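Let me begin by presenting the structure, written as structure tokens, before commenting on it.
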Ligand code: NAD
Ligand code: TYD
């Protein structure tokens, strides 16, 4: 539910007092895949969550009971609008800002890098500047900036990148994320900003936009379509359930040491062909009908396609005592069940936004 600015006025005295006592958290990009899961997680923990989201094509408009709660507010906002960002931070004085607002699809960044530079770099800059200015007025929420394992680039088989691994991004998407990380680090060092960075591996779970591999394969199986695999399907990704990622982000808010980066990984790597076969196998055991057209199809590779990402996540495991709880097989099965039960989620998304092959026009 989108609450009006005067949303506090109709509350009883008791409800008003308890809302005032609630800790406030700003999530940018809270209508995206990870943002939706994080907002739900925080509402359940009884925080007052303010979601700043531009509501781009990848934001989720699917019904959500939790969001009708009195401790949630959606503000449609482009984070590049620094003055509005400042106003909102001043108004709510949150304990923490989780920055997830971003353009996120590698293939789209190949076709049109400009939006990625705008949101991922200039958008992060806008938030950093807002925090720098407010810091002088003694308003200094912690920033948890959400980044990715893709900033490290291709990782050789048998190696895993730790937080000191050099940044070697390959796509406009990962380069924009890497640039944002550098900006955050420079503000920490120069302006003593209270901030931490998370570099997480590939997420899967409910509410993911079907342009990404796992929901695309699930959706194509449901709709009797081919399953496109780039090149020979040998590229490898590390997969984590989005709820484990949310737990890690919460840990970073509570315990993450200011100025530090933390890798957030599961240690579970799979190549794409094995992953797609696994999804097919699970669907068969669940008696989901596999149509005649649903066959693996090897298609032209993505330009500059990173072969492998793999994180060394010992730092967060040891220092913050976080560890992923959801076994991959269980998480994957539950994700398929979620998409099965929530087929309306896919229906809320325009087909033209995810069916066309992107990233080949170079
Ligand atoms: P997503 O594309 O599903 O959601 C992004 C959200 O950001 C959308 O709701 C969109 O409307 C919003 N947004 C875009 N531009 C905006 C702007 N200028 N101002 C305000 N809001 C804007 O992405 P996601 O998968 O949920 O990723 C969230 C974050 O996590 C990103 O920073 C991404 O780089 C990072 N990350 C994602 C993964 C993954 O596997 N999905 C892994 C590691 C890190
Ligand atoms: P993706 O979900 O786009 O995430 P990222 O590239 O950011 O890791 O892709 C995951 C892997 O799956 C990647 O190696 C590209 C591959 N892929 C396919 O083989 N077919 C597809 O249709 C898509 C979307 C991705």
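In our numbering, the protein residues as written are -18 to 343.
For each residue, glycine too, the CB sits at the ideal point set by N, CA and C.
It should be emphasised that the depicted structure is a prediction, and the values quoted were computed from it without experimental measurement.
Hey, residue 156 and residue 165: beta-carbon distance below 7 Å or not?
no
At which residues does the beta strand (DSSP E) containing residue 218 begin and terminate?
217 to 222
Which residues does DSSP pair with residue 176 in a beta bridge?
124
Would you call the segment 216 to 223 and the segment 237 to 248 in contact, with 3 or more CB pairs under 8 Å?
yes
Reference residue 201; option with closest CA among 276, 106, 129:
276
How about residue 218: is its Cβ closer than 6 Å to a heavy atom in the ligand TYD?
yes
Just to confirm, is the Cβ distance from residue 128 to residue 180 under 7 Å?
yes
Can you tell me the Cα-Cα spacing of residue 85 and residue 101, whole angstroms?
9 Å
May I have the straight-line CA-CA distance separating residue 141 from residue 178, to the nearest angstrom?
18 Å
Cut-off 6 Å between Cβ atoms - residues of its own chain near residue 301, not counting five sequence neighbours on either side:
232, 236
Under the criterion of a Cβ to heavy atom distance below 6 Å, does residue 194 qualify as lining the ligand TYD?
yes
Three-state class that DSSP yields for residue 249 in the structure shown:
coil
Can you list the alpha helix (DSSP H) stretches of 4 or more residues lying completely in the segment 246 to 326, in chain order?
253 to 266, 295 to 300, 309 to 322
For residue 187 and residue 49, what's the separation of their Cα atoms in angstroms?
19 Å
What is the rounded straight-line gap between the Cα of residue 120 and the Cα of residue 146?
33 Å
Assuming residue 189 and residue 14 form a contact by the criterion Cβ under 8 Å, report the distance between their Cβ atoms to the nearest whole angstrom.
4 Å
Whether or not the segment 107 to 125 and the segment 264 to 271 are in contact is what I'm after, with contact meaning three or more pairs of Cβ atoms, one per stretch, closer than 8 Å; do they touch?
no
What do you reckon, are the CB atoms on residue 154 and residue 326 nearer than 7 Å?
no
With respect to 6 Å, is the separation between the Cβ of residue 87 and the closest non-hydrogen atom of the ligand TYD below this value?
yes
Can we count residue 291 as close to the ligand NAD, meaning its CB is less than 6 Å from some heavy atom?
no
Can you check DSSP and say which residues form a bridge with residue 9?
33, 80
Residues that residue 208 bridges to, as DSSP identifies them:
277
Per DSSP, which one or two residues make a beta bridge with residue 142?
292
Below 6 Å, is the gap between the Cβ of residue 15 and the nearest heavy atom of the ligand NAD?
yes
Helix, strand or coil, according to DSSP, for residue -11 in the structure here?
The predicted model places residue -11 with a pLDDT of 47, which falls under 50 and marks its position as unreliable; any figure quoted below should be read in that light. Note: residue -11 maps to coil in three-state DSSP.
Close-in-space but distant-in-sequence residues of the same chain around residue 159 (CB under 7 Å, 5 per side omitted)
132, 148, 150
For residue 144 and residue 135, what's the separation of their Cα atoms in angstroms?
15 Å
DSSP state of residue 54, grouped into three classes?
strand
Can you tell me the Cα-Cα spacing of residue 169 and residue 321, whole angstroms?
44 Å
Rounded separation between residue 312 and residue 117 - CA only
44 Å
Measure the C-alpha to C-alpha separation of residue 83 and residue 10 and round it to an integer number of angstroms.
7 Å
DSSP-derived helix/strand/coil call for residue -17:
The pLDDT assigned to residue -17 is 42, lower than 50, so where the model puts this residue is not dependable, and the model offers no usable value.
Between which residues of its own chain and residue 213 is the CB-CB distance below 6 Å, once the five residues before and five after are set aside?
none
May I ask which residues mark the beginning and end of the beta strand (DSSP E) holding residue 41?
Residue 41 -> no beta strand (DSSP E), and no H or E assigned at all.
Grab the span of the alpha helix (DSSP H) containing residue 185 for me, first residue to last.
No alpha helix (DSSP H) holds residue 185; the beta strand (DSSP E) holding it covers 183 to 185.
In this structure, what does DSSP give as the bridge partners for residue 129?
181
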